[in-house]
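Same order as they appear, the protein sequences are chains D and A. For what it's worth, the numbering used here labels the leading residue of the first sequence as 70, then goes sequentially. For what it's worth, the numbering used here labels the leading residue of the second sequence as 17, then goes sequentially. No residue lacks a Cβ here, since even glycine has one placed at the ideal position from N, Cα and C. On a predicted model such as this, the values are computed, not experimentally measured, just so you know. To keep things clear, I will list the structure first and then write my remarks on it.
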Amino acid sequence: MDFLNALIAFANFVFIPGVAYGSQLALGALGVTLVYGILRFSNFAHGDTMAMGAMATVLITWLFQSWGISLGPLPTALLALPFGILFAIGLLLGTDRMIYRFYRVQKAKPVILVIVSLGITFIYNGLTRFVIGADDQNFFDGQRFIISAREFKASTGLPEGLSFKTTQGITIVTAIIVVAALFWFLNKTRAGKSMRAYSDNEDLALLSGINPERVVMITWIIVASLATIAGVLYGLDKSFKPFTYFQLLLPIFAAAIVGGLGNPLGAIAGGFVIAFSEVTITYAWKKVLVYLMPEPLEPSGLVQLLSTDYKFAVSFVILLIVLLFKPTGLFKGQSV
Amino acid sequence: MSDAYGDRGNKDASITNPKGMGSRIPEASGESFASPGGPFLIGENMTAGYGAGPDILHDCTIAVDQGEIAVIVGPNGAGKSTGMKAVFGMLDMRQGHVRLDGEDITGLSPQDRVAKGMGFVPQTSNIFTSMTVEENLEMGAFIRTDDFSDTMAQVYDLFPILKEKRLQAAGELSGGQRQQVAVGRALMTQPKVLMLDEPTAGVSPIVMDELFDRIIEVARTGIPILMVEQNARQALEIADKGYVLVQGANAYSGTGKELLADPEVRKSFLGG
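Next up, the structure:
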């Protein structure tokens, strides 16, 4: 029995990666839930919006790196991020102007917009691969670890190491800042309140003198920022590969639906529920259990419930369970 | 054959969110021009319908003058609410004009009409249910850039219960309180004319009396009120001007007292 080492192994392999991945999903799910609440459809193009924004950031990061600009221990990508966000804002506003607006003016049924967004998914998807290619791209630089396993072992003298990657730290800090800013914006500012009003009752918002086009514009700007930040953080933490963003759509939607579509608080909770389910179910628990169990009971197998290849099944199953038993999500799905 | 553009798929709440979705607003030219004379607000000879659909209003005229309460009554489906919406620019006008304070505003969008000083309380979904009472009032004052705290204080004076419940979500209030929020929201712009679509729909008789009292109070502050009412008798009693609509056209009009005394109106609409 070695409780301390078990705890460190748990933190190292489950807790820290889970929190980082959960933050990335939460940021993605917030974007999905905002579009659902305000524009009233599920935006299937969200994953590829993340890819587009991240792609722009990667390209600008490379440019900065070639100029020799860097942020020291922090990745240069953070410096390129605002430009990536600007690109994504331009992209989404342009898409809205050319495509979504046409349907919005006619008050097309939301299900039509869902299919429209699917078409846009394929266009974005193709564009991303056309510009940057389908392969893995590395754009991380700076210091790799905040706490590395070797240093941790040396300083504590414990056999079990704990590592905390810079990207994980950045992900968590950025997510907290972004979420706090978003909630402040939605609840305290005039523009944020007008978004909530529009989400609640479009006609009455119009009768109050709220300009619907302006609400839609602000929504796309926020969604573009959230998507790019989520995409870049995911890319920094794992690696940038266009196809993974399309696949991320499933856990992101699962997170948004589990939390209750249209509810920002739910999106965050849902992000962590999905992330921790995925990590705990696909993690081989042998190491932790060996520390915890008395010797005769120590497991001989890996104690891995599901191979990591099947991690998407986890999102799917949770989604099914929630839709079967609590269709409005854990937090009551309500208008934003 | 099934309708290809019907409502299929829209009930799947995991991908679509039709709740709170707005109605189609007709395109507006955005032009208004001076057109002096006539009553303060008038929808004149309006022939209108939704989109390319059939005409619902036929040469219908509704007007209200300064310091007056004008009431529109009539049987179900007579086009009372539609008439109000037409005056507010939410219908496609085929013929006729809307004039406000000596200005022809037929070409303006509903938002622009709000800016011109029209306040409208729709019959249903007339509050932001997920927002607090105070936020509802703030949204009412959205177009104002000046300090509106004194207007809010006036609304709270008029409806003291709202002050008590100001931090509660408006959707949690009772029917009568919701109507007070709705009227309060419309008053926040300091409108030059207030349009109420069945403000007493679905509230108990006691609450109804109270609401009528409040509406008279609002009218006394000098705001002309144009109102659609189901409770024809009670509404005509407080009305300076009354319109009886039948099938989208004016059937009778006159002062409230005249209409109440008119045997035809009594027989057909007021139950003898």
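Residue burial classification, residue i (beta-carbon count within 10 angstroms, cutoff 16)
i      : result
G278/D : buried
T32/A  : buried
M109/A : buried
D173/A : exposed
A277/A : exposed
I246/D : exposed
S404/D : Confidence is the limiting factor: at S404/D the pLDDT is only 42, short of 50, which leaves the residue's position unreliable and the question unanswerable from this model.
R219/D : exposed
M17/A  : With a pLDDT of 44 at M17/A, under the threshold of 50, the modelled position of that residue is not reliable, and no figure is offered here.
P240/A : buried
N92/A  : exposed
L275/A : buried
K234/D : buried
R166/D : exposed
F309/D : buried
M168/A : buried
P138/A : buried
E271/D : buried
Q212/D : exposed
Q193/A : buried
F156/D : buried
I222/A : exposed
R236/A : exposed
Residue i vs residue j beta-carbon contact at 8 Å
i      : j      : result
R249/A : L212/A : no
P144/D : D204/D : no
F136/A : F164/A : no
I326/D : V391/D : yes
Q373/D : Y360/D : no
A120/D : Y193/D : yes
G99/A  : G133/A : no
F400/D : G340/D : no
F113/D : V183/D : yes
K355/D : P365/D : no
N26/A  : V180/D : yes
N152/A : V197/A : yes
L124/A : G65/A  : no
L231/D : I77/D  : yes
I154/D : T243/D : no
L116/A : V209/A : yes
A79/A  : A86/A  : yes
R170/D : P311/D : no
Of the residues the options, the one placed nearest residue i, counting alpha carbons only
i      : options                        : result
N266/A : K35/A, F228/A, I72/A           : I72/A
R265/D : T102/D, Q93/D, G328/D          : T102/D
G377/D : A344/D, G188/D, L358/D         : Before going further, note that residue 377/D is Thr rather than Gly in the sequence given. The candidate whose alpha carbon is nearest that of T377/D is A344/D.
M37/A  : L358/D, G339/D, L275/D         : L275/D
S39/A  : P126/A, V199/A, S220/A, V244/A : P126/A
A75/D  : A250/D, T288/D, P228/D, E282/D : P228/D
V83/D  : T349/D, G97/D, T164/D          : T349/D
S268/D : D23/A, A64/A, K35/A            : K35/A
S123/D : I107/D, G137/D, L148/D, K178/D : In the sequence as presented, Ser is not what sits at residue 123/D; that position holds Ala. Closest option to A123/D, Cα to Cα, is L148/D.
C76/A  : K96/A, A86/A, E84/A, A68/A     : K96/A
N207/D : A323/D, S224/D, D306/D         : D306/D
D114/A : L57/A, G200/A, I85/A, P176/A   : Strictly speaking, residue 114/A in this sequence is Val, with Asp absent from that position. Among L57/A, G200/A, I85/A, P176/A, the Cα nearest to that of V114/A is on L57/A.
G91/D  : G238/D, Y105/D, L371/D, V357/D : G238/D
G331/D : L108/D, D71/D, Q93/D           : L108/D
T313/D : T118/D, S139/D, P333/D, R283/D : T118/D
Neighbouring residues, chain B, relative to residue i (Cβ below 7 Å)
i      : result
P320/D : Judged by its chain identifiers, the structure shown contains no chain B, and its protein chains are D and A.
Any non-hydrogen atom of the ligand ATP within 7 Å of residue i CB
i      : result
L210/A : With respect to the ligand ATP, the structure shown offers nothing to examine, as it has no ligands at all.
To test your reading of the DSSP string, which unbroken alpha helix (DSSP H) runs of 4 or more residues are found completely within the segment 192 to 218 of chain D?
none
| said: By the 7 Å beta-carbon criterion, what residues does the segment 105 to 130 of chain A contribute toward chain D? | reply: Listed by position, the residues of the segment 105 to 130 of chain A near chain D (Cβ gap below 7 Å) are P126, Q127, V130.
Residues of the segment 247 to 276 of chain D with a CB closer than 8 Å to any CB of chain A: list them in chain order, please.
R259, K262, S263, R265, A266, S268, D269, N270, E271, D272, L273, A274, L275, L276
By the 8 Å beta-carbon criterion, what residues does the segment 46 to 75 of chain A contribute toward chain D?
Those residues of the segment 46 to 75 of chain A that come within reach of chain D (Cβ to Cβ, closer than 8 Å) do not exist; the list is empty.
Q. What runs of the alpha helix (DSSP H), each 4 residues or longer, lie entirely inside the segment 70 to 137 of chain D?
A. 72 to 79, 85 to 103, 115 to 136
Practice item. Pull out every residue of the segment 101 to 128 of chain D whose Cβ sits closer than 8 Å to any Cβ of chain A, in chain order. Key: Y105, G106, R109, F110, S111
What are the uninterrupted segments assigned as alpha helix (DSSP H) that are 4 or more residues long and contained completely in the segment 43 to 111 of chain A, given in chain order?
Whole alpha helix (DSSP H) segments, 4+ residues: 96 to 103.
Check: Relative to chain A, which residues along the segment 308 to 339 of chain D have a C-beta separation below 9 Å, given in chain order?
Finding: F322, I326, L330, G331
Quiz item: Any residues in the segment 243 to 276 of chain A with a beta carbon nearer than 7 Å to a beta carbon of chain D? Which ones, in chain order?
Solution: none
Quiz prompt | the segment 142 to 166 of chain A: positions lying closer than 9 Å to chain D by Cβ | solution = N142, I143, F144, T145, S146, M147, E151, N152, E154, M155, G156, A157, F158, I159, R160
Which residues of the segment 227 to 241 of chain A have a Cβ closer than 7 Å to any Cβ of chain D? Give them in chain order.
Against chain D - using a Cβ distance shorter than 7 Å - the segment 227 to 241 of chain A contributes no residues.
- [ ] Could you pull out every unbroken alpha helix (DSSP H) segment of at least 4 residues lying fully inside the segment 200 to 288 of chain A, listed in chain order?
- [x] 221 to 236, 248 to 254, 272 to 277, 279 to 285
Please list the residues of the segment 28 to 42 of chain A that have a C-beta atom closer than 9 Å to any C-beta atom in chain D, keeping them in chain order. D28, A29, S30, I31, T32, N33, P34, K35, G36, M37, G38, S39, R40, I41
Report task. Can you give me, in chain order, the residues of the segment 342 to 366 of chain D that have a beta carbon less than 9 Å from any beta carbon in chain A? Result -> none
* To do: For the segment 226 to 282 of chain D, list the alpha helix (DSSP H) runs that are entirely contained and at least 4 residues long, ordered along the chain.
  => 235 to 257, 259 to 269, 271 to 276
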